[in-house]
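Please read the structure below before turning to the comments.
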Amino acid sequence: MKQKVITVGNSLAVTLPQAFVKEGKVKPGQIIDVETSAKLGLVQIRTKTNGTHSGLTPEFFEWLEKFNAKYKNALTELAKK
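Here it is, written out as structure tokens:
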């Protein structure tokens, strides 16, 4: 899903998709967890009430990028089998 970056005061913001708001029961003023990785261009949002941590942190994605780069040829060959 693509969202437009907007200006709110002196900050930049992205609106939350309605489905996420509805399913996650997100309310105005609610505190949510936001993890980012500028290197990967990644923003991960998790509601506090959910409390579950998927384990897919920005550090994991950085490790995954390095792993995929290092073993690209082997992974490509394995995918063919």
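Sequence positions in the sequence shown follow my numbering and run 61 to 141.
The beta-carbon is built from N, C-alpha and C at its ideal position, and this holds for glycine as well.
For the 8 Å CB-CB criterion, Ile-92 and Thr-107 form a contact. In the structure shown, Val-103 falls within a strand segment according to DSSP collapsed to helix, strand and coil. When Lys-99, Thr-136, Ala-134, Tyr-131 are compared, the shortest CA-CA separation from Glu-119 is found for Lys-99. Proximity to Thr-96 across Lys-64, Ile-105, Gln-90 peaks at Ile-105, based on C-alpha coordinates. In the three-state DSSP reduction, Thr-117 falls in the coil class, being neither helix nor strand.
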